[in-house]
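Asker:
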Amino acid sequence: MVSILSELRRVGKRPARPRATKGLDRKAGSGQGLAPPYPIPDGEKMQKLLKVVTVFVVAGAVMFGGRWYMYVAQGDTPYDEVGIALNGYAPSPLRSWGCHKMQARFPGQLPPYGCGTPDGRNWL
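Quick note on our numbering: the sequence shown kicks off at 876 and runs consecutively.
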């Protein structure tokens, strides 16, 4: 009976919490400054992380860039809210190209937000 109670007490105890400055201790006599507080990934882990980040960046560029191009080159109307927002976030040369492309496609209509002069009646 005693061994069961002692076993339950041992299982129920929480492990000691590590000190917050554990990795920041100076190494005595090593001549090195502070040790990094996190493990430095080895080459394979870093390559995998770089691949994952690259995939996400390329996927985002294809997704948002493709949607923006569809708005500029093949949209039914220049007043698509998502297209206007994406055109507003585009770099200035791309935004200018997109506005000129839409002006050629919709010559008689008022420009969408971001493609008009301050009065909102003329294309940039």
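Cβ coordinates follow ideal geometry from the N, Cα and C atoms, glycine included.
Looking at residue 943 and residue 965, is the spacing between their C-beta atoms short of 8 angstroms?
Answerer: Translated into the one-based positions of the sequence shown, residue 965 becomes position 90. Translated into the one-based positions of the sequence shown, residue 943 becomes position 68. A contact, by the Cβ cut-off of 8 angstroms.
Asker: Can you check DSSP and say which residues form a bridge with residue 991?
Answerer: Position 116 of the sequence shown, counted from the first residue, corresponds to residue 991. Bridge partners of residue 991: 998.
Asker: Residue 989 and residue 950: beta carbons closer than 8 angstroms?
Answerer: The count along the sequence shown starts at 1 and reaches residue 989 at position 114. The count along the sequence shown starts at 1 and reaches residue 950 at position 75. Their beta carbons are not under 8 angstroms apart, which means residue 989 does not touch residue 950 by this criterion.
Asker: Go to residue 965, then tell me how far its alpha helix (DSSP H) extends in each direction, as first and last residue.
Answerer: Looking up residue 965 in the sequence shown gives position 90. No alpha helix (DSSP H) contains residue 965, which DSSP labels as neither H nor E.
Asker: Against chain B, with Cβ distances strictly below 8 angstroms, would residue 932 count as a contact?
Answerer: Note that chain B does not occur in the displayed structure, where there is just one protein chain.
Asker: Which residue's Cα is closest to the Cα of residue 981: 952, 945 and 925?
Answerer: Numbered from its first residue, the sequence shown carries residue 981 at position 106. The shortest C-alpha separation from residue 981 is found at 952.
Asker: With a threshold of 16 other CB atoms inside 10 Å of the CB of residue 925, please say whether the residue is buried or exposed.
Answerer: The residue given as residue 925 occupies position 50 in the sequence shown. Under this definition residue 925 is an exposed residue.
Asker: Could you give the residue range of the alpha helix (DSSP H) that holds residue 922?
Answerer: Here residue 922 refers to the residue found at position 47 when the sequence shown is read from its first residue. Residue 922 -> alpha helix (DSSP H) spans 918-949.
Asker: I'd like the list of long-range same chain contacts for residue 961, defined as Cβ closer than 8 angstroms, with 5 residues on each side in sequence excluded.
Answerer: Position 86 of the sequence shown holds residue 961. Hits under 8 angstroms: 939, 942, 943 and 946.
Asker: Just to confirm, is the Cβ distance from residue 974 to residue 986 under 8 angstroms?
Answerer: The residue given as residue 974 occupies position 99 in the sequence shown. The residue given as residue 986 occupies position 111 in the sequence shown. Going by C-beta atoms, residue 974 is nearer than 8 angstroms to residue 986.
Asker: Please determine whether the Cβ atom of residue 996 lies at a distance below 7 angstroms from any heavy atom of the ligand HEM.
Answerer: Questions concerning the ligand HEM fall outside what the structure shown contains, since it holds no ligand whatsoever.
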